[in-house]
Amino acid sequence: MENGKATLTIGNENWDFDIHDGTVGPSVIDIGSLYQKTGRFTYDPGFTSTGSCSSSITYIDGDEGVLLYRGYPIDELAENKDFLEVAYLLLYGELPTPEEKQDFDFRVTHHTMVHEQMSRFFTGFRRDAHPMAIMCGVVGAMSAFYHDSTDIRDPYQRMVASIRLIAKTPTIAAMAFKYSTGQPFVYPKNALDYAANFMHMCFAVPCEEYQVNPILSRAMDRIFILHADHEQNASTSTVRLAGSSGANPFACIAAGIASLWGPAHGGANEAALDTFAEIGTVDRVPEYIDKAKDKDDPFRLSGFGHRVYKSYDPRAKVMERTCHEVLDELGIKDPLLKVAMELERIALTDEYFVERKLYPNVDFYSGITLRALGFPNNMLTVLFAVARTVGWVAQWKEMVEDEQRIGRPRQLYTGSTLRHMTT
Ligand code: ACO
């Protein structure tokens with residue numbers, strides 16, 4: 079490769095392809111004309127070497143453990159900004175001025191109520207429905223309620239849909255939680271900030287006053303910041319692919335929620351907590367480390383390993399600090415924390431994990447923290463979805479404004495060649 083060109087040689091033929099440089103990070107070889115020139119496709123299942131778009135929102139250096147939102151390190155944002163400031167940054171590219179923040183907070187806050195008829199949707203679900211199943215259905219159903227913000231060609235409607243999604247997803251998530259516990263829905267409270275309002279909708283009941291603990295709501299807010307965006311992961315790519323056909327944003331975000339649900343992605347926090355509980359006590363940790371290393375055993379240590387991070391996930395460090403803060407504030411001595419810390423200690427020195435560069439990811443400590451805040455296991459991925467809605471919306475908006483063509487991958491066909499019916 080030289081002079082911004084890559085040359086592909088097949089047999090005696092050579093073809094040149096342009097190389098594009100980003101502002102930082104690996105360059106890409108533009109193979110958009112590969113099929114036209116060579117009659118061949120690339121083959122990259124799992125997209126391990128494929129850039130699907132250009133984006134200026136989030137940057138990850140997986141080897142160095144760096145995560146930047148619009149250039150700002152995740153730990154600086156988590157320490158100094160609130161979730162809606164970070165949402166503004168992801169959507170518009172810059173941190174808000176005090177006036178912009180006031181205006182954005184006001185607009186999000188005044189869109190948190192959902193159409194009253196939406197509450198009837200919930201009664202159609204079984205009482206024991208997984209709240210992620212409810213999220214997929216009800217967030218998708220927003221496109222049946224907010225027709226005045228589904229024209230993706232209209233910038234004003236795009237803006238209203240973005241605000242609605244960021245404002246109403248927590249309300250729907252809290253309703254899914256309340257439905258599963260059999261308690262009445264709690265309406266949003268405009269006097270509270272984003273995270274405090276969410277906790278209020280989840281934990282208040284009509285028969286008594288509920289005061290949100292500011293230390294806990296700050297922890298909730300920080301958890302939202304850590305999960306807000308993560309460039310072209312499975313769920314974000316799903317949102318972009320769904321959106322590339324021109325589908326409305328509510329349907330696209332519902333597709334992202336479905337993708338996030340899987341245990342290899344957002345479902346890992348629930349799976350990690352289940353694993354800690356299954357292990358139960360510190361003395362059983364070595365047995366589970368052995369299981370994770372055994373090639374004949376499908377067991378994987380959830381909360382460990384990442385497609386992109388080959389060093390410590392920077393979100394996991396902030397998450398670990400937040401976890402200790404929450405447990406200290408509540409005076410909780412969770413035996414699962416001991417199990418997690420022992421797992422981490424052994425894995426960080428074990429040859430299997432060191433060789434494969436398997437470090438704790440953000441899901442490792444988030445389950446214990448959220449459990450201490452009062453959420454049951456099946457709500458953990460829902461909370462991830464609430465936070466990630468901001469990233470999905472920002473990425474969807476960027477894609478629509480870039481006028482990206484419909485996504486249409488090809489395949490390596492391995493089925494039957496042409497054959498005819500015998501009668
Ligand atoms: N436990 C045990 N072994 C593991 C783990 C794990 N958690 N993760 C990877 N490995 C091993 C694999 O067996 C493989 O070993 P091999 O080379 O001997 O075959 C090697 O490490 C590489 O693993 P891959 O599966 O090829 O890595 P990939 O990039 O495809 O997968 C993934 C990444 C899905 C995150 C994986 O590490 C995993 O399953 N982790 C557990 C689930 C999890 O925590 N997911 C959350 C990700 S973060 C998020 O979505 C917010």
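Numbering (our numbering), first residue to last: 79 to 501.
Think of the CB as a built atom: it goes at the ideal place given N, C-alpha and C, for glycine as much as any other residue.
Delimiting residues of the beta strand (DSSP E) encompassing residue i
{"i": "Asn92", "result": "91 to 98"}
{"i": "Thr87", "result": "83 to 88"}
{"i": "Val283", "result": "Counting along the chain, Val283 falls outside any beta strand (DSSP E), and DSSP gives it neither H nor E."}
Beta-carbon spacing of residue i, residue j below 8 Å
{"i": "Tyr387", "j": "Asn311", "result": "no"}
{"i": "Leu243", "j": "Ala472", "result": "no"}
{"i": "Ile230", "j": "Asn326", "result": "yes"}
{"i": "Phe328", "j": "Tyr224", "result": "yes"}
{"i": "Asp391", "j": "Tyr437", "result": "yes"}
{"i": "Thr249", "j": "Val290", "result": "no"}
{"i": "Asp271", "j": "Asp160", "result": "yes"}
{"i": "Ala269", "j": "Ala165", "result": "no"}
{"i": "Met253", "j": "Phe276", "result": "no"}
{"i": "Arg185", "j": "Val478", "result": "no"}
{"i": "Arg300", "j": "Thr400", "result": "yes"}
Opposing strand residues paired with residue i [DSSP bridges]
{"i": "Pro151", "result": "Leu146"}
{"i": "Glu139", "result": "Note that residue 139 corresponds to Asp in the displayed sequence, not to Glu. Answer by DSSP bridge pairing, in chain order: Val144."}
{"i": "Pro438", "result": "Phe382"}
{"i": "Val192", "result": "The partner list for Val192 (beta bridge, DSSP) is empty, contrary to what the question assumes."}
{"i": "Ile107", "result": "Ile97"}
Between the CA atoms of residue j and residue i - distance to the nearest angstrom
{"i": "Glu142", "j": "Arg385", "result": "14 Å"}
{"i": "Thr190", "j": "Leu162", "result": "13 Å"}
{"i": "Pro123", "j": "Pro487", "result": "10 Å"}
{"i": "Thr467", "j": "Ala239", "result": "12 Å"}
{"i": "Asp502", "j": "Tyr366", "result": "Outside the displayed range of the chain (79 to 501) lies residue 502, so it cannot be described from this structure."}
{"i": "Val464", "j": "Ile88", "result": "48 Å"}
{"i": "Met279", "j": "Phe453", "result": "12 Å"}
{"i": "Gln261", "j": "Tyr288", "result": "14 Å"}
{"i": "Ser313", "j": "Ser221", "result": "19 Å"}
{"i": "Lys411", "j": "Arg378", "result": "26 Å"}
{"i": "Met79", "j": "Ile97", "result": "Per-residue confidence for Met79 stands at a pLDDT of 46, beneath the threshold of 50, marking its modelled position as unreliable; no derived number is given."}
{"i": "Ala207", "j": "Thr353", "result": "22 Å"}
{"i": "Lys179", "j": "Phe442", "result": "32 Å"}
{"i": "Phe203", "j": "Gly485", "result": "33 Å"}
{"i": "Trp93", "j": "Gly82", "result": "14 Å"}
{"i": "Asp183", "j": "Asp368", "result": "49 Å"}
{"i": "Tyr257", "j": "Phe200", "result": "7 Å"}
{"i": "Glu309", "j": "Ile135", "result": "7 Å"}
{"i": "Leu112", "j": "Thr500", "result": "39 Å"}
{"i": "Pro341", "j": "Asn456", "result": "12 Å"}
{"i": "Val360", "j": "Ser389", "result": "25 Å"}
{"i": "Glu157", "j": "Gln114", "result": "50 Å"}
{"i": "Ser322", "j": "Phe125", "result": "18 Å"}
{"i": "Pro104", "j": "Val317", "result": "24 Å"}
{"i": "Thr86", "j": "Cys131", "result": "Per the sequence shown, the amino acid found at residue 86 is Leu instead of Thr. Taking the straight line from one Cα to the other gives about 22 Å."}
{"i": "Gly358", "j": "Val417", "result": "7 Å"}
{"i": "Phe119", "j": "Ser494", "result": "20 Å"}
{"i": "Ala245", "j": "Val264", "result": "15 Å"}
Close beta carbons around residue i, own chain, < 6 Å, minus the five adjacent residues each side
{"i": "Gly344", "result": "Leu338, Thr459, Phe462"}
{"i": "Tyr121", "result": "Leu490"}
{"i": "Tyr137", "result": "Leu146"}
{"i": "Gly445", "result": "Asn347, Ala350, Leu351, Leu458"}
{"i": "Lys435", "result": "Lys388"}
{"i": "Glu177", "result": "none"}
{"i": "Asp99", "result": "Ser105"}
{"i": "Leu421", "result": "Val363"}
{"i": "Lys267", "result": "Asn275, His278"}
Beta-carbon contacts of residue i that lie in its chain and below 8 Å, excluding the five residues immediately before and after
{"i": "Leu408", "result": "Leu294, Ala450"}
{"i": "Ile152", "result": "Leu145, Leu146, Ile303, Leu304, Pro392, Arg393, Val396"}
{"i": "Pro292", "result": "Ala274"}
{"i": "Leu448", "result": "Ile301, Asn347, Met457, Leu458, Leu461"}
Range covered by the alpha helix (DSSP H) that runs through residue i
{"i": "Gly215", "result": "209 to 219"}
{"i": "Gln235", "result": "233 to 259"}
{"i": "Arg205", "result": "Element bounds for Arg205: n/a, residue is neither H nor E."}
{"i": "Thr201", "result": "Taken as a continuous stretch (DSSP letters only), Thr201 belongs to no alpha helix (DSSP H), as it is neither H nor E."}
{"i": "Thr459", "result": "458 to 480"}
{"i": "Phe328", "result": "327 to 338"}
{"i": "Ile230", "result": "Unbroken run through Ile230: none, as it is neither H nor E."}
{"i": "Lys115", "result": "112 to 116"}
{"i": "Leu319", "result": "312 to 322"}
{"i": "Leu414", "result": "413 to 427"}
{"i": "Thr353", "result": "346 to 357"}
{"i": "Phe453", "result": "Where Phe453 is concerned, there is no enclosing alpha helix (DSSP H), given that its DSSP letter is neither H nor E."}
{"i": "Leu304", "result": "292 to 304"}
heavy atom of the ligand ADP below 7 Å from residue i C-beta
{"i": "Asp206", "result": "Of the ligands this structure carries, namely the ligand ACO, none is the ligand ADP."}
7 Å Cβ shell around residue i - same chain, five flanking residues per side excluded
{"i": "Ala332", "result": "Cys214, Val217, Gly218"}
{"i": "Gly129", "result": "Val106"}
{"i": "Gly324", "result": "Ile230"}
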